[in-house]
Amino acid sequence: MITTFGILLALAAPGGGPYVDSQGNVYHELPSPHDYADFATFDALFGHEVFTNRDGHRFQIDRELTDEELAYSLWLQEVLNGLQHVPGGGATVRATVRTHHPVDEEYRGQFATTRDIRIHVVGEVERCDDALQSQFGIDFVPSSGCAWDSQDNGAIDQLLDEAYNECGGLNGQDMMIALTAQSNFGGAIGVGYIGLPRQLTTKYFSFEAEIMQHEAGHNYTLFHCCDNNCIMQSFLDVGAFGNFHNYQEGCSGQNHFSTMQAQSNRY
Amino acid sequence: MRALPLPVLLFLAAACGAGDEAAPSSPAAAVPADPGETGPAPPEAAEQAPASGALWELPPVPGPVEVEADGVQVPRIHVESFLEKEWQRFCFSREQPEEATAEAFFADPQALFRPFARDLALLSEATARWPELDPAVVQARREELERAFLTTWKALVDRWGEDEVLRHLEARIRIERMMDLLAEEGPPVTEEEIRAFYEDYRAEKGEHPEFGFPSLEQLRPRIEGLLRARRRDEAVQAWQEEHLAKHDIRVRLPDGREVRFGGG
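Pasting the structure below:
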């Protein structure tokens, strides 16, 4: 039996697999929306599927946007950015969580200096933790960054593992948010292991904070939902940034966020 | 790509169920354990990060700093978290974060600690108004955090201890009550304000040739939330301006200097 497994592993390795879905189907490589007639078909098949990789880590596929979704999202983000509230009174009574940031060579290559990288990452992380900050007074502190050279043909979960392994795991921090500018993951723009404090976010247009927040949701054990005002939908919904649904929802089977603050200031 | 209904689920179950421990060749077995994972971190784990790979490393937060608000010691989680975020901003404003010094950080302690002192005065007032919180309310907030943000809850508890995290949640409940109370004393956000804001914002941003501009109803929750939050901030700021002097906030710096706000 061990030999059979070894053969399967060796055969499957080039595609990143084996991956197994919730029905027990095995995949050599992760499904890509580009291999289906349209993204809606992909969404129907895999939007809510949970895959398990060879290390037993569970995750969902966070697909890239269609051209139309992308154009709309860029526009909507520009509109919504001006409606963000910067927390004022009371905000200094906080609790901090330290984050660690492996950054691959493609990502680093988009900035002139290390300082520019740092400033950009810090800005995205601070946008990402808005919901935690406004609801619970919890702030992320991007305490360390690490240069990591990513392999060019790895599956997205492999890159996440690679970042984790090559940059010292959590590096003594509380959470890892790795960053890559690779875009050849078969249509995936980020991955967050369910229930583990580590994620990989791609430099996908100007949506890093939104992707980070979605992937952090997976880290917090959240699954994809069907609420069109929740950041945990199976595709990136910029209009839902900062929102987690507040009821027992059917697709995910979860209540992502039952807030006690009826007059939330999370905007 | 192809789904393979192979009869190898036993293998997968074994591999998946055992996680990292079942894969001795997996490098993950040699790196620090996540808070969400079981088993102790290997002792050599901290040395795994290559020195050449470091892009930045926030230096340790200078300390210790002790803070008292109206004679009560401010919890460690609040003092250290306040300092940690300010220290990050201070370090990252420099070309090389590693070059930041405690001396420069504490050079103007009045400016550094004043926002914290104002918020501690607010918290102190809230604590006086609601000295005892309903345990069910605190428990609900804890469960809310644990349910929605599990790994953050775990990280906080691992780092600060459960008692400190619960003290933080209690503080936040009191502060939010106080801020809501102050906001209620002021004028409410009106429909006219929301519409006026929307029209101004629409004019500022302009129409997209393909998508136009979101309707008022689409943006209403965000605009209303933003205006309410601003109104609340204004009310809190006004209260703090007026009442800080009535409280006694003392900060003891690592070099022994004491900084005072208000006067009690």
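Residue numbers (this note's numbering), protein chains in the order written: chain H, -14 to 252; chain F, 13 to 276. We treat Cβ as the ideally placed atom computed from N, Cα and C, and that holds for glycine. Please read these numbers as outputs of a predicted model, since none were measured by experiment.
What distance in whole Å lies between the Cβ atoms of residue j and residue i, which are believed to be in contact at a cut-off of 8 Å?
i, j, result
"Pro182 of chain H", "Leu164 of chain H", "Not a contact, Cβ separation roughly 15 Å."
"Leu144 of chain H", "Leu185 of chain H", "6 Å"
"Pro16 of chain H", "Ile46 of chain H", "7 Å"
"Glu205 of chain F", "Leu239 of chain F", "6 Å"
"Phe36 of chain H", "Phe44 of chain H", "6 Å"
"Ala80 of chain H", "Trp142 of chain F", "Not really, about 20 Å apart at Cβ, beyond 8 Å."
"Leu162 of chain F", "Leu181 of chain F", "At roughly 15 Å, the Cβ-Cβ gap does not stay under 8 Å, so Leu162 of chain F and Leu181 of chain F are not in contact."
"Val126 of chain H", "Gln108 of chain F", "That pair is no contact at about 18 Å."
"Ala194 of chain H", "Glu109 of chain H", "5 Å"
"Phe6 of chain F", "Arg243 of chain F", "Only positions 13 to 276 of chain F appear in this structure, which leaves residue 6 of chain F out of reach."
For residue i, which residues of its own chain have a beta-carbon under 8 Å away from its beta-carbon, when the five flanking residues on both sides are left out?
i, result
"Gly(-9) of chain H", "Here Gly(-9) of chain H scores only 47 on pLDDT, less than 50, and its place in the model is too uncertain to base an answer on."
"Leu178 of chain F", "Val150, Arg154"
"Gln246 of chain H", "Residue placement at Gln246 of chain H is poorly supported in this model, since its pLDDT is 33, which falls under 50; the coordinates are not used for a value here."
"Gly202 of chain H", "Gly177, Ile216, Met217, Phe229, His241"
"Val91 of chain F", "Val77, Glu78, Val79"
"Glu270 of chain F", "Arg262, Val263, Arg264"
"Ser237 of chain H", "His33, Leu207, Phe208, His209, Cys210, Cys211, Met217"
"Pro121 of chain F", "Val263, Leu265, Arg269, Val271"
"Gly75 of chain F", "Glu92, Leu95, Pro266"
On a Cα-Cα basis, can you pick out the residue from the options that is closest to residue i?
i, options, result
"Ala114 of chain F", "F:Leu135, F:Gly173, F:Pro72, F:Glu107", "F:Pro72"
"Asp175 of chain F", "F:Ala215, F:Pro87, F:Glu236, F:Phe223", "F:Pro87"
"Val169 of chain F", "F:Glu80, F:Glu78, F:Ile89", "F:Ile89"
"Val88 of chain H", "F:Ala152, F:Ala160, F:Ala66, F:Pro226", "F:Ala66"
"Gln198 of chain H", "H:Phe190, H:Asn213, H:Cys211, H:Ala225", "H:Ala225"
"Glu216 of chain F", "H:Phe208, H:Gly139, H:Gly67, H:Asp146", "H:Gly67"
"Glu200 of chain H", "H:Asn213, H:Cys131, H:Gln218, H:Gly139", "H:Gln218"
"Asn169 of chain H", "H:Glu151, H:Gly157, H:Asn138", "H:Asn138"
"Arg100 of chain H", "H:Gly238, H:Ser129, H:His70, H:Ala148", "H:Ser129"
"Met190 of chain F", "F:Asp212, F:Ala247, F:Glu203", "F:Ala247"
"Leu65 of chain H", "H:Val223, H:Ile123, H:Gly238", "H:Val223"
"Glu144 of chain F", "F:Arg186, F:Ala119, F:Glu111", "F:Arg186"
"Ala160 of chain F", "H:Glu54, H:Gln233, H:Phe27, H:Asp28", "H:Gln233"
"Asp52 of chain H", "H:Gly157, H:Asp23, H:Ala29", "H:Asp23"
"Pro72 of chain H", "H:Gly122, H:Glu34, H:Phe27, H:His33", "H:Gly122"
"Ala241 of chain F", "H:Asn213, H:His70, H:Asp114", "H:His70"
"Gly180 of chain H", "H:Asn10, H:Glu14, H:His42", "H:His42"
"Asn213 of chain H", "F:Gln230, F:Gly237, F:Asp245", "F:Gln230"
"Gln118 of chain H", "F:Arg184, F:Asp146, F:Glu110, F:Pro147", "F:Arg184"
Give a yes or no on whether the C-beta atoms belonging to residue i and residue j are separated by under 8 Å.
i, j, result
"Leu135 of chain F", "Glu98 of chain F", "no"
"Ser135 of chain H", "Glu90 of chain H", "yes"
"Leu173 of chain H", "Ile141 of chain H", "Per the sequence shown, residue 173 of chain H should be read as Ala rather than Leu. Going by C-beta atoms, Ala173 of chain H is nearer than 8 Å to Ile141 of chain H."
"Trp60 of chain H", "Phe223 of chain F", "yes"
"Glu49 of chain H", "Tyr178 of chain H", "no"
"Gln95 of chain H", "Ser191 of chain H", "no"
"Arg83 of chain H", "Trp68 of chain F", "no"
"Arg272 of chain F", "Arg262 of chain F", "yes"
"Ala167 of chain F", "Asp146 of chain H", "no"
"His86 of chain H", "Val106 of chain H", "yes"
"Tyr92 of chain H", "Ala25 of chain H", "no"
"Gly74 of chain H", "Gln249 of chain F", "yes"
"Ala133 of chain F", "His255 of chain F", "yes"
"Thr77 of chain H", "Asp131 of chain F", "yes"
"Tyr149 of chain H", "Thr164 of chain F", "no"
Here's a check: name, in chain order, each residue in its chain whose Cβ is nearer than 6 Å to the Cβ of residue i, leaving out the five neighbours to either side.
i, result
"Arg234 of chain F", "none"
"Tyr12 of chain H", "Gly2, Tyr4"
"Glu96 of chain F", "Val73"
"His19 of chain H", "Gly172"
"Phe118 of chain F", "Leu265"
"Phe27 of chain H", "Pro18, Tyr21"
"Cys152 of chain H", "Pro87, Cys131, Trp133"
Apart from the five residues on each side of it in sequence, which residues of its chain come closer than 7 Å, Cβ to Cβ, to residue i?
i, result
"Arg232 of chain F", "Ile206"
"Cys215 of chain H", "Ala225, Asn228, Phe229, His230, His241"
"Phe209 of chain F", "Ile235, Leu239"
"Phe102 of chain F", "Ala112, Phe117"
"Ala132 of chain H", "Val88, Arg93"
"Arg126 of chain F", "Phe273"
Taking Cβ-Cβ distances below 9 Å as the criterion, which residues of the region 153 to 185 of chain F are in contact with chain H?
-> Listed by position along the chain: Arg153, Glu155, Glu156, Leu157, Arg159, Ala160, Phe161, Leu162, Thr163, Thr164, Trp165, Lys166, Ala167, Leu168, Asp170, Arg171, Trp172, Glu176, Val177, His180, Leu181, Ala183, Arg184, Ile185.
Residues in the region 249 to 263 of chain F having any Cβ partner in chain H nearer than 9 Å = Gln249, Trp251, Gln252
Cβ-based contacts, 7 Å cut-off: residues of the region 197 to 220 of chain H near chain F = Per Cβ criterion, the list reads Asn204, Tyr205, Thr206.
Interface residues of the region 49 to 62 of chain H facing chain F [CB-CB below 8 Å] = Answer set for the region 49 to 62 of chain H: Ala56, Tyr57, Trp60, Leu61.
Determine which residues of the region 165 to 179 of chain H have a Cβ less than 7 Å from any Cβ of chain F, and write them out in chain order.
-> Residues: none.
Where the region 89 to 116 of chain F meets chain A: residues whose CB sits under 7 Å from a CB there = Absent from the structure is chain A; the protein chains it does hold are H and F.
Going along the chain, which residues of the region 202 to 221 of chain F sit with their C-beta nearer than 7 Å to a C-beta in chain H?
-> Tyr213, Lys217, His220
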